[in-house]
Amino acid sequence: MIAAYIDEFIMFCAGLWMVAVGFNYVPLPGNVANQPPWVTMVAGHFKWMGPLLLAIAIALAIAS
262 MIAAYIDEFI
272 MFCAGLWMVA
282 VGFNYVPLPG
292 NVANQPPWVT
302 MVAGHFKWMG
312 PLLLAIAIAL
322 AIAS
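So for the sequence shown, our numbering puts the first residue at 262; every next one is plus one.
Okay, here's the thing in structure tokens:
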């Protein structure tokens, strides 16, 4: 029971971070000049993956 709440909390926090990075509120960690191009491509997908992860975390919290 407690483990499910911890899992949902971690998912919610990860979703918030993904939304913040996807919409450029928070920069990606590390040196931006030395990052390979796939990192920025994946970070671009955070715009839809972050809200999806938030919705899943909220749905799981309601269901439990």
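Positions of the beta carbon are idealized from the N, C-alpha and C atoms, including for glycine.
For clarity, every value in this text was computed on a predicted model and none was experimentally measured.
Going residue by residue through the segment 287 to 322, where are the continuous alpha helix (DSSP H) segments of at least 4 residues, counting only ones entirely within it? none
Unbroken alpha helix (DSSP H) run spanning methionine 279, endpoints: 263 to 283
Nearest CA to the CA of leucine 314: which residue from Val293, Ala264, Asp268? Asp268
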